[in-house]
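If you read the sequences in order, they're chains A and B.
Mapping of the first sequence onto this note's numbering: residues 1161 to 1688, in sequence order.
Mapping of the second sequence onto this note's numbering: residues 39 to 485, in sequence order.
Glycine residues also receive a C-beta, built at the ideal position from the N, C-alpha and C atoms.
Predicted model only: the values in this text are computed from it and were never measured.
Some notes on the structure that comes next.
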Amino acid sequence: MSLISTLARLEAVSTGRAQPAATVRHRHLAGRPLVFVPLTTAGEAGAPLGALVGTDRDAPRLLVVPQPRDRDLRFQFLAELADVVLPYVDSYAEAVEAAERNETDPETGKRVKVEVELCADAPQLIVPSRAGIDFVRLLGRSMRFRRTAEQDPEAPHPAPPRVPLLGRWLTHFGERARVPGSALLLAATELLSRHWATGQSTLEDQHLGALLAWIDPPAGMTGAEAAHAAELARDAKGQLLHPPAGPATDPAFDNKLLAPALERYDRARTALAAAEDGLEADERLGELTAAERAIRDLVESRTRPTWDAVWRGLDLLRELPEGARVEERWTRDRWSFTSHRDRITAGEPPQPRRDDAVTAANKLATREREQARLEAQEALDDPLVMAGRRLSGEAFAGEVTDVVMTYSEGKRPSPRPLVTLRTDDRPHLGERVKVYRSLGGKPQSAEFVGHDGDGVVLRILDKMGRGKEPEPGSVPEKGDRLCFTLFEHEQRGGAKLPDPENTPWTHGGPPGEAPHEAADPLTAEDVL
Amino acid sequence: MTTVSELFDPGAVAAAATDAILGSTLHGDARGVVVDSPPGAGKSTLVVRAALELADAGRPLMVVAQTNAQVDDLVLRLAEKNPELPVGRLHSSDADAYDKALDELPNVRKSAKAAELAGLPITISTAAKWAHVKVDEPWEHAIVDEAYQMRSDSLLAVAGLFRRALFVGDPGQLDPFAIVGSEQWAGLSYDPSASAVTTLLAHNPELPQHRLPVSWRLPASAAPLVSAAFYPYTPFRSGTDHGDRALSFAIPSDGSGPDRVIDEAAESGWGLLELPARHTPRTDPEAVRAVATVVRRLLDRGGAATSERSPDPSPLTADRVAVGTAHRDQAAAIRAALADLGVTDVTVDTANRLQGREYDVTVVLHPLSGRPDATAFHLETGRLCVLASRHRHACIVVCRAGVGDLLDDYPSTEPVQLGTVVKFPDGWEANHAVLAHLAEHRVVWQP
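Shown next as structure tokens:
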């Protein structure tokens, strides 16, 4: 944890309220995000119990699996989920704008500009917590290799038509969420804890209710009191007043409320199957419907508070103005969405279970580049984030006290002005360390020359034009207040890796023809 | 009493190992040869020799190192051994891309474009620069230096450039790392965040693996500890014996903690300056001052180092002393404290940057000193190994008391990843081994 976030947390403890960790919003928030609050069944990974999902905060769609271990009911749930998510995703696939992309011409091997489509906007999924992101990934993994009856008439449990497609999209959202700074799939807890520092540990920050309690405590309570209540307060029946954001449920709820309700449902179903005549069946169907209704009410009672909390969190976040470089990062998300849309349209197979060597290396390189980009952009967008970097010696700000014009040696002398900056910061500057400042949105580089009293002497190296005299405005002037960073503002592209079919012998050679990926085999535990 | 040298001729053992390696490389038919080298075992010497012999045999050679400093150092060593041999130094297009000392060498051609160096017997560059090179015809042979510090994905980017390769490195030093999570690929044989050698051997287990058995850097007082603590299954010996090296000081101790720990380290090769137990910020001001004071006294007391290299003692000057830390802010704080004491030209750096370097005396701020917890970063075996194996004469560790209890409170709890090779020893065990040894050379000091 950086020094500034430690200080902010201490301040939160002493004031009883979360402290701002940012002055602008560092993630894109879509105008119409799709909020997804899933619950899962204890003891069986990937068995959904239900969910609230939708784009209208006042009218979420409630989906419930009355018997989570029944595979047919689970498929029914997934099919209903697909009916909500896929139309939402598709609604962004239509509107496109023309864009250019550099591609390698397969015949000449040269880099050429190609006119391509870029979706004008992209869908955005918001789940309550990081565990929710993992659950999205798990759902994607469990669905994308399923076969529908149309694809494979022999499949023992054919999936409803659009379920495999939903799996591919959820997998894409889950994979994209691993890219730093991306916003296709976000967790409310991570969004909020990026922008506020609470007086509790980062582990406790994963509880959405406690996090909101610190950021916006009810009148008359401190953040600590409100967070304590959000985590632990129970009613007379021993149920949590603020159910956890899921997907896992509270054991007291599982044991005291859910288990009896499921048992009632199972009994009603057995009884209905055993009904001997129509009249009896009607009566028993009524009991089954009532039992199902009870489970629906239970699931809604545990998801609705979280649903409301997510929207409240989004309200708080929308009060912050969007950071200047957030739009640029969202454009990358739009590219990511567009390219996956194209892969599906082109009829490509679902994402493989494991990345091949080249894909894995490319993904790691992209994520490392995006991480560095995110860190630099957040600091440039936000003086509070920059203050943290200054405090850790990675940046410094101050006033220009002196500018001396000097020139480089060589045939065509170029300006290399020496700038003295008076600063109270203590950057980790070594001999000839490069530093950067933002000049009209572009980085201008300088190198460290030495200390002069409490001033730092820098030699400006570029962005001054081609002539002997620097272009106006390109050289700092006495009295200017400037901020230099020791980190680079823009990221260089990495080296191009070989194509997967040219994987070298050190990495096992070409992966060969991709095996046909089957869905996970059935086991005895899988089916009721 | 029989001395070690009567039973063990380090020169002969090392020469036999080197001959076997060169034999595999020049005359073997495997596509790769892997050489494990403990600290100071003559890895650079081996790389230079192998490069010259491959060039002599007329095999076009590319050399891959990890940093520009390593590349420049190799070029200088090659030119020293064979000034006539044309060598290409492929460098980046940044300003000051290479050491200006290379401009003095007539047979070293420098360029930012691989095509301009085509046809030279040896071309040297960093892995990052090689990754941008495209060729129609791969090099016959490559030498990959510091292969254990190279990430699997950077090997992937350059492996298409050569047919066969010699991989040389120290498995005990710091593993490469990624700045984002890579658990997704843990357990895959080609996990891009793993080391190049891990991936190479996972796919090619039949490749010959050699080991350099003698450390010429570490003194007889240090080799057994470093070998046992960090290389338990691949032990090595020191090339020198007890008594071959000595460190003495013209000015006697003034009885202070720093002077007493200096004398202890001069006598035994190790010294632990133990400050009172306390939880501190990372840049613990007392510990930082203690490190600076020890360095100041080392330089002030007129140290002289005697070794097998020359019969005459050589003075212990600032360039023969280094300070090692775990974090960059600690290094910065110590640099500032040293500047306050008027010491400016002692190297102060983190373990990552001290890899591959060698000094007479090192002063180390223990990675766990003053910490309330022991994270995976601070427990990493390689970090302690680098810090404890840079010296030819003595190593002085400055540490808060209570690290042993801290270790016991925080056993390693990293999640176990299926399919990954468990690395032995783990940092917890290695830390305990080093601590137990240092305890015998402890000087308790209240600053």
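DSSP bridge partner residues for residue i (one or two, in chain order)
{"i": "SER1162(A)", "result": "Answer is none; SER1162(A) lacks a bridge partner."}
{"i": "MET100(B)", "result": "THR161(B), ALA180(B)"}
{"i": "GLN247(B)", "result": "VAL72(B)"}
{"i": "THR458(B)", "result": "For THR458(B), which the question treats as bridged, DSSP gives no partner whatsoever."}
{"i": "ILE59(B)", "result": "None, per the DSSP bridge assignment."}
{"i": "HIS429(B)", "result": "TYR397(B)"}
{"i": "GLU1661(A)", "result": "GLU1661(A) pairs with nothing; no bridge assigned."}
{"i": "VAL472(B)", "result": "Per DSSP, none; premise fails for VAL472(B)."}
{"i": "GLY1210(A)", "result": "LEU1199(A), VAL1224(A)"}
{"i": "CYS437(B)", "result": "GLU312(B)"}
{"i": "PRO1603(A)", "result": "SER1598(A)"}
{"i": "ASP387(B)", "result": "GLY362(B)"}
{"i": "ILE1620(A)", "result": "ALA1606(A)"}
{"i": "ALA284(B)", "result": "THR344(B)"}
Other residues of its chain near residue i: CB distance less than 6 Å, five sequence neighbours each side excluded
{"i": "ALA1255(A)", "result": "ALA1280"}
{"i": "GLY1625(A)", "result": "GLU1631"}
{"i": "GLY49(B)", "result": "none"}
{"i": "ALA1190(A)", "result": "GLN1284"}
Check whether residue i and residue j have beta carbons under 8 Å apart
{"i": "VAL326(B)", "j": "ALA371(B)", "result": "yes"}
{"i": "VAL384(B)", "j": "ALA360(B)", "result": "yes"}
{"i": "LEU128(B)", "j": "SER163(B)", "result": "yes"}
{"i": "PRO1670(A)", "j": "ILE1620(A)", "result": "no"}
{"i": "LEU1477(A)", "j": "LEU1400(A)", "result": "no"}
{"i": "CYS1643(A)", "j": "ALA1555(A)", "result": "yes"}
{"i": "ALA1348(A)", "j": "GLY1473(A)", "result": "yes"}
{"i": "GLN1366(A)", "j": "ARG1290(A)", "result": "yes"}
{"i": "GLY1214(A)", "j": "VAL1245(A)", "result": "no"}
{"i": "VAL1459(A)", "j": "LEU1298(A)", "result": "no"}
{"i": "ALA152(B)", "j": "GLY309(B)", "result": "no"}
{"i": "GLN222(B)", "j": "GLY420(B)", "result": "no"}
{"i": "GLY96(B)", "j": "ARG202(B)", "result": "no"}
{"i": "ALA1181(A)", "j": "SER1165(A)", "result": "yes"}
{"i": "GLY7(B)", "j": "ALA328(B)", "result": "The requested residue 7(B) is not part of the displayed model; chain B covers only 39 to 485."}
{"i": "THR1200(A)", "j": "PHE1295(A)", "result": "yes"}
{"i": "HIS241(B)", "j": "SER62(B)", "result": "no"}
{"i": "GLY1654(A)", "j": "ARG1529(A)", "result": "yes"}
{"i": "VAL401(B)", "j": "VAL333(B)", "result": "yes"}
Cβ neighbour criterion (16 or more within 10 Å) applied to residue i
{"i": "SER427(B)", "result": "buried"}
{"i": "VAL1687(A)", "result": "At VAL1687(A) the pLDDT is 47, less than 50, meaning the model places this residue with poor confidence and gives no usable figure here."}
{"i": "ASP1515(A)", "result": "buried"}
{"i": "ARG1527(A)", "result": "buried"}
{"i": "GLN1311(A)", "result": "exposed"}
{"i": "ILE300(B)", "result": "buried"}
{"i": "ASN106(B)", "result": "buried"}
{"i": "HIS65(B)", "result": "exposed"}
{"i": "PHE462(B)", "result": "exposed"}
{"i": "GLY1406(A)", "result": "buried"}
{"i": "LYS1656(A)", "result": "exposed"}
{"i": "VAL460(B)", "result": "exposed"}
{"i": "VAL1564(A)", "result": "exposed"}
Integer Cβ distance of residue i from residue j, believed to fall under 8 Å
{"i": "LEU1194(A)", "j": "TYR1252(A)", "result": "In fact, because the Cβ distance is near 10 Å, the residues do not count as touching under 8 Å."}
{"i": "GLY207(B)", "j": "VAL171(B)", "result": "Their Cβ separation, rounded to whole angstroms, is 22 Å, which puts GLY207(B) and VAL171(B) out of contact at 8 Å."}
{"i": "SER407(B)", "j": "ARG366(B)", "result": "Not quite, the Cβ-Cβ distance comes to about 16 Å (not below 8 Å), so this is no contact."}
{"i": "ALA205(B)", "j": "ALA185(B)", "result": "Before going further, note that residue 205(B) is Phe rather than Ala in the sequence given. Sure, about 4 Å apart at Cβ, within 8 Å."}
{"i": "LYS1628(A)", "j": "PRO1573(A)", "result": "6 Å"}
Other residues of its chain near residue i: CB distance less than 7 Å, five sequence neighbours each side excluded
{"i": "THR278(B)", "result": "PRO257, ALA258, GLU346"}
{"i": "ASN1262(A)", "result": "ARG1271, LYS1273"}
{"i": "GLY340(B)", "result": "PHE287, ALA288, ILE289"}
{"i": "LEU1163(A)", "result": "LEU1551, SER1552"}
{"i": "GLU91(B)", "result": "LEU60, LEU64"}
Close beta carbons around residue i, own chain, < 8 Å, minus the five adjacent residues each side
{"i": "PHE1235(A)", "result": "HIS1317, ALA1319, PRO1320, VAL1323"}
{"i": "VAL86(B)", "result": "LEU112, ARG115, LEU116, LYS119"}
{"i": "ALA330(B)", "result": "ILE372, ALA375, LEU376, ASP378, LEU379, VAL381"}
{"i": "HIS1158(A)", "result": "In the structure as shown, chain A starts at 1161 and stops at 1688, and residue 1158(A) therefore has no counterpart that could be examined."}
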